[in-house]
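Residue 37 in the UniProt record's numbering sits at position 37 of the sequence shown; the count goes up by one each step and never skips.
Even for Gly, the Cβ is constructed at its ideal location relative to N, Cα and C.
Keep in mind it's a predicted model, so treat the numbers as computed, not measured.
Let me begin by presenting the structure, written as structure tokens, before commenting on it.
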Amino acid sequence: MSSGICAESQLGVNVSQTPTTLVLHAGQSAIITCTQNRELRFLFYTATSADVTEKGDGTPERFLVSRKSLEHTALKIDSVEVADTAVYYCASSPQYQSLQVSL
1 MSSGICAESQ LGVNVSQTPT TLVLHAGQSA IITCTQNREL RFLFYTATSA DVTEKGDGTP
61 ERFLVSRKSL EHTALKIDSV EVADTAVYYC ASSPQYQSLQ VSL
């Protein structure tokens, strides 16, 4: 049985993410699956980075995003490291714009 986090927007978009919790040892692989009921863009992000199907600057090659269909996307992290510990979110958006800020 699969459980996940599900949220619905005011636009009627349902987004679910599974699994809700992952506990791994260094070197193992992680897969986070995101599902939606519309054909919108997916984003995977932590508190400090964002990613669509292309990687943002500084994203390790071990992080792979694949879009299996218009409704299903997966984030795979190969050979997890302690530094990968974070809360990972997936979201869905009708628009995507990349913005780079230099300080």
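- For L24, there is no enclosing beta strand (DSSP E), since its DSSP letter is neither H nor E.
- For Q28, the closest alpha carbon among the candidates T85, S79, C90 is that of S79.
- Under DSSP, R67 shares a beta bridge with T73.
- Only buried fits L75, as 16 or more other CB atoms lie within 10 angstroms of its CB.
- DSSP places N37 in no beta strand (DSSP E); its state is neither H nor E.
- Taking the Cα of Q36 as reference, the smallest distance to any Cα among T85, Q17, V82 is reached at Q17.
- Within its own chain, the residues whose Cβ lies closer than 6 Å to the Cβ of H72, once the five positions on either side in sequence are excluded, are T35, listed in chain order.
- Around the beta carbon of V87, fewer than 16 other beta carbons sit within 10 angstroms, so the residue counts as exposed.
- Going by beta carbons, I77 and R62 fall inside the 9 Å limit.
- Secondary structure at V15: strand, using DSSP grouped into helix, strand and coil.
- No Cβ-Cβ contact shorter than 9 Å links S69 with V15.
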